[in-house]
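Novice:
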Amino acid sequence: MNKKDIKYYSAIAVILLITIIVELTKPKPIDWSFFLESAKKEPYGTYILFNNLKALFPNQKITVNKRTAYEYNKNNKKPKTFIYISDNFNADKLETETIFNFLEKGSTVFISAHYFSNAFSDTLGFSTDNSTFFDTTSNLNFYNKKLKRKKPYFFQKTAANYFFNSFDTTNINVLAFSKKDRPTFIKQNFGKGTLFINTTPEAFTNYALITEKNYEYAFKCFSYLPDKDIVWDEYYKPFRKLNKTELSVIFDNSRFRAAYILLLITTVIFVLFTIKRRQRIIPVIKPFKNRTVEFVETIGRVYYNSKNHKDIALKKYHYFKYFLFSKYNIKPEQEDENKYSYISEKTGVNEGLTKKVLLAYAKINKLEKISQEQLNFFNNCIEDFYDECK
Numbered sequence: 007m008n009k010k011d012i013k014y015y016s017a018i019a020v021i022l023l024i025t026i027i028v029e030l031t032k033p034k035p036i037d038w039s040f041f042l043e044s045a046k047k048e049p050y051g052t053y054i055l056f057n058n059l060k061a062l063f064p065n066q067k068i069t070v071n072k073r074t075a076y077e078y079n080k081n082n083k084k085p086k087t088f089i090y091i092s093d094n095f096n097a098d099k100l101e102t103e104t105i106f107n108f109l110e111k112g113s114t115v116f117i118s119a120h121y122f123s124n125a126f127s128d129t130l131g132f133s134t135d136n137s138t139f140f141d142t143t144s145n146l147n148f149y150n151k152k153l154k155r156k157k158p159y160f161f162q163k164t165a166a167n168y169f170f171n172s173f174d175t176t177n178i179n180v181l182a183f184s185k186k187d188r189p190t191f192i193k194q195n196f197g198k199g200t201l202f203i204n205t206t207p208e209a210f211t212n213y214a215l216i217t218e219k220n221y222e223y224a225f226k227c228f229s230y231l232p233d234k235d236i237v238w239d240e241y242y243k244p245f246r247k248l249n250k251t252e253l254s255v256i257f258d259n260s261r262f263r264a265a266y267i268l269l270l271i272t273t274v275i276f277v278l279f280t281i282k283r284r285q286r287i288i289p290v291i292k293p294f295k296n297r298t299v300e301f302v303e304t305i306g307r308v309y310y311n312s313k314n315h316k317d318i319a320l321k322k323y324h325y326f327k328y329f330l331f332s333k334y335n336i337k338p339e340q341e342d343e344n345k346y347s348y349i350s351e352k353t354g355v356n357e358g359l360t361k362k363v364l365l366a367y368a369k370i371n372k373l374e375k376i377s378q379e380q381l382n383f384f385n386n387c388i389e390d391f392y393d394e395c396k
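The opening residue of the sequence shown carries number 7 in my numbering; numbering runs sequentially from there.
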């Protein structure tokens with residue numbers, strides 16, 4: 007390696023090193039994903055709210071649940087306050103029945119989400135909608151005079167524009183509203199318990215509580231909750247499924263699970279039956295082609311296209327002489343009066359044909375050039391000679 011190359015490689019190494027340092031030291035971009043998880047300190051996490059629950063409910067035990075409502079119900083013995091904050095509260099029919107079972111026994115359930123599963127919303131007879139996709143701000147306030155603020159809570163970056171567009175007004179009380187008096191927070195009693203449903207989960211995020219300084223709204227919503235042990239949900243979250251393994255998707259479905267087990271069994275059987283060494287496939291070796299004829303034809307075409315008919319005739323006669331000498335030990339150029347009869351007798355060819363071949367050659371040999379017709383005549387005579395040889 008010469009000095010010039012060393013300079014180039016050194017320059018490349020320095021550039022790469024600078025690039026790596028810049029990438030490692032540059033500020034980490036803010037993740038605006040809609041997590042709503044208590045461990046997330048990003049703008050749309052709920053770290054601040056979760057860590058202030060102890061201050062809001064000082065005498066109550068706070069637990070985190072990472073299971074479905076149905077699974078949690080197996081160990082639930084006394085009424086509690088359940089807090090669900092999600093983008094899509096997708097409880098199925100069995101989980102919905104379990105939540106209502108909580109309510110019947112005296113528990114309080116607080117749910118804040120944009121969307122609700124059909125199993126849940128159809129049971130309660132309500133639906134939600136978005137006021138407009140182009141409205142980038144939101145104003146929220148309470149109907150309760152003790153909680154209502156003269157100036158509504160203003161949300162910009164975390165604009166919460168989802169609202170209830172239909173519900174049973176005979177059994178539901180509206181607690182909060184947005185622009186144009188659209189209901190965003192409702193309450194309904196069930197047995198000994200109470201259900202609270204909210205359509206603005208953004209209002210409970212880190213960004214809304216600190217940057218937009220709307221912590222008062224979230225805390226006032228929680229002021230409706232009674233003094234009971236708190237169960238904070240971490241199951242019905244937007245990114246919960248991303249934490250699952252690939253196999254969990256298969257094992258969550260009985261049909262997929264059966265198919266997967268069957269695949270494993272058949273794979274093991276196949277391996278057991280094919281584990282012994284097999285004979286390698288014997289490759290087919292194609293025999294060499296005899297290209298002599300092709301070569302002769304190619305050479306013949308070359309000579310023929312050159313139009314040197316005499317040269318072709320002389321070569322033809324040269325092979326004819328070699329044929330007579332190698333097979334019959336005859337030298338046709340020898341001067342002898344009985345030459346024609348001798349050749350005819352040895353080869354079994356008519357004396358007239360033998361004479362025709364030799365005389366044709368003698369004539370061609372004296373000429374400077376010959377025509378194509380003369381070449382054809384000479385060639386035919388020799389071919390006839392070969393045909394009559396014994």
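Where a beta carbon is used, it is the ideal one built from N, C-alpha and C, also for glycine.
So, are the CB atoms of Tyr-53 and Lys-60 less than 9 Å apart?
Specialist: Numbered from 1 along the sequence shown, position 47 holds the residue referred to as residue 53. Numbered from 1 along the sequence shown, position 54 holds the residue referred to as residue 60. Not closer than 9 Å, so no.
Novice: Please report the residue range of the alpha helix (DSSP H) in which Gln-194 lies.
Specialist: In the sequence shown, the residue the question calls residue 194 occupies position 188. Not the alpha helix (DSSP H): Gln-194 falls in the beta strand (DSSP E), residues 189 to 196.
Novice: Counting along the chain, where does the alpha helix (DSSP H) carrying Asp-390 start and finish?
Specialist: Start at 1 with the first residue of the sequence shown, and residue 390 comes out as number 384. Run containing Asp-390: 378 to 394, per the alpha helix (DSSP H) assignment.
Novice: Taking 7 Å as the limit between beta carbons, can you name the residues of its chain near Asp-390, skipping five residues before and five after?
Specialist: Counting from one through the sequence shown, the residue named residue 390 turns up at place 384. Closer than 7 Å at the Cβ level, and outside the excluded window around Asp-390, lie Leu-359.
Novice: State the Cα-Cα distance for the pair Lys-111 and Lys-84, rounded to the nearest angstrom.
Specialist: The residue labelled residue 111 in the question sits at position 105 within the sequence shown. The residue labelled residue 84 in the question sits at position 78 within the sequence shown. Going from the Cα of Lys-111 to the Cα of Lys-84 covers about 8 Å.
Novice: Using the C-alpha atoms, what's the distance from Phe-326 back to Ile-336?
Specialist: Locating residue 336 in the sequence shown gives position 330, where the first residue counts as 1. Locating residue 326 in the sequence shown gives position 320, where the first residue counts as 1. Cα to Cα, the separation comes out at about 11 Å.
Novice: Looking at Ile-376 and His-315, is the spacing between their C-beta atoms short of 9 Å?
Specialist: Your numbering for residue 315 matches position 309 in the sequence shown. Your numbering for residue 376 matches position 370 in the sequence shown. Their beta carbons are under 9 Å apart, which means His-315 touches Ile-376 by this criterion.
Novice: Please return the same chain residues whose Cβ sits closer than 8 Å to the Cβ of Pro-158, not counting the five positions on each side in sequence.
Specialist: Here residue 158 refers to the residue found at position 152 when the sequence shown is read from its first residue. The residues are Asn-145, Leu-146, Asn-147.
Novice: Which residues does DSSP list as the beta-bridge partners of Thr-87?
Specialist: Position 81 of the sequence shown, counted from the start, is the residue given in the question as residue 87. Partner(s): Thr-114, Ile-236.
Novice: Please tell me whether Gly-51 and Thr-211 are closer than 9 Å, where the distance is taken between their beta carbons.
Specialist: Position 45 of the sequence shown, counted from the start, is the residue given in the question as residue 51. Position 205 of the sequence shown, counted from the start, is the residue given in the question as residue 211. Yes, these two residues count as a Cβ contact at 9 Å.
Novice: Within 8 Å: the Cβ of Ile-388 and any heavy atom of the ligand ADP?
Specialist: Looking for the ligand ADP in the displayed structure turns up nothing, as the structure carries no ligands at all.
Novice: What number of angstroms, rounded off, separates the C-alpha of Glu-31 from the C-alpha of Asp-37?
Specialist: For this step, residue 31 is matched to residue 25 along the sequence shown. For this step, residue 37 is matched to residue 31 along the sequence shown. Glu is not the amino acid found at residue 31; the sequence shown has Thr there. Straight-line Cα distance between these residues: approximately 17 Å.
Novice: Ignore the nearest five residues each way along the sequence and tell me which others in Tyr-76's own chain have a CB closer than 7 Å to its CB.
Specialist: Numbered from its first residue, the sequence shown carries residue 76 at position 70. The answer, listed in chain order, is Leu-100, Glu-101, Thr-104.
Novice: Figure out for me which residue from Phe-228, Leu-278, Ala-209 has the closest Cα to the Cα of Leu-153.
Specialist: Along the sequence shown, one-based indexing puts residue 153 at 147. That would be Phe-228, whose Cα lies nearest to the Cα of Leu-153.
Novice: Between the beta-carbon of Asp-174 and the beta-carbon of Phe-132, is there less than 9 Å?
Specialist: For the purposes of this step, residue 174 is taken as the residue at position 168 of the sequence shown. For the purposes of this step, residue 132 is taken as the residue at position 126 of the sequence shown. It is a contact, given that the beta carbons lie within the stated cut-off.
Novice: How about Asp-239 and Phe-106: are their beta carbons less than 9 Å apart?
Specialist: Indexing the sequence shown from 1 puts residue 239 at position 233. Indexing the sequence shown from 1 puts residue 106 at position 100. No, these two residues do not count as a Cβ contact at 9 Å.
Novice: Taking C-beta to C-beta, are Ser-347 and Glu-357 nearer than 9 Å?
Specialist: Numbered from its first residue, the sequence shown carries residue 347 at position 341. Numbered from its first residue, the sequence shown carries residue 357 at position 351. Taking 9 Å as the Cβ cut-off, Ser-347 and Glu-357 qualify as a contacting pair.
Novice: Taking just the CA atoms, how far does Leu-23 sit from Lys-226?
Specialist: Here residue 226 corresponds to residue number 220 of the sequence shown, with the count starting at 1. Here residue 23 corresponds to residue number 17 of the sequence shown, with the count starting at 1. Computed Cα separation, rounded: 53 Å.
Novice: Are the Cβ atoms of Ala-209 and Phe-161 separated by less than 9 Å?
Specialist: Taking the sequence shown and counting its residues from 1, one reaches residue 209 at position 203. Taking the sequence shown and counting its residues from 1, one reaches residue 161 at position 155. The answer is yes: Cβ separation under 9 Å.
Novice: Which one of Gly-354, Asp-235, Lys-72 has the shortest CA to CA distance from Glu-394?
Specialist: Numbered from its first residue, the sequence shown carries residue 394 at position 388. The shortest Cα separation from Glu-394 among Gly-354, Asp-235, Lys-72 belongs to Gly-354.
Novice: So, at 6 Å on beta carbons, what are the nonlocal neighbours of Phe-126 in its own chain, with the 5 sequence-adjacent residues on each side left out?
Specialist: In the sequence shown, residue 126 corresponds to position 120, counting from 1. Contacts found: Ala-97, Thr-102.
Novice: How is Ser-92 classed by DSSP in three states: helix, strand or coil?
Specialist: Residue numbering aside, residue 92 sits at position 86 when the sequence shown is read from its first letter. Here Ser-92 sits in coil by DSSP.
Novice: Rounded to whole angstroms, what's the CA-CA distance from Asn-249 to Thr-74? Just pull it up for me.
Specialist: Taking the sequence shown and counting its residues from 1, one reaches residue 249 at position 243. Taking the sequence shown and counting its residues from 1, one reaches residue 74 at position 68. Because Asn-249 sits at a pLDDT of 47, beneath the cut-off of 50, its placement in the model cannot be relied upon, and the following sentence gives the value as read from the coordinates. Cα to Cα, the separation comes out at about 15 Å.
Novice: Where Leu-55 and Thr-134 are concerned, what is the direct C-alpha to C-alpha distance, given to the nearest angstrom?
Specialist: Residue 55 sits at position 49 when you count from the first residue of the sequence shown. Residue 134 sits at position 128 when you count from the first residue of the sequence shown. Looking at the two C-alpha atoms, the distance is approximately 25 Å.
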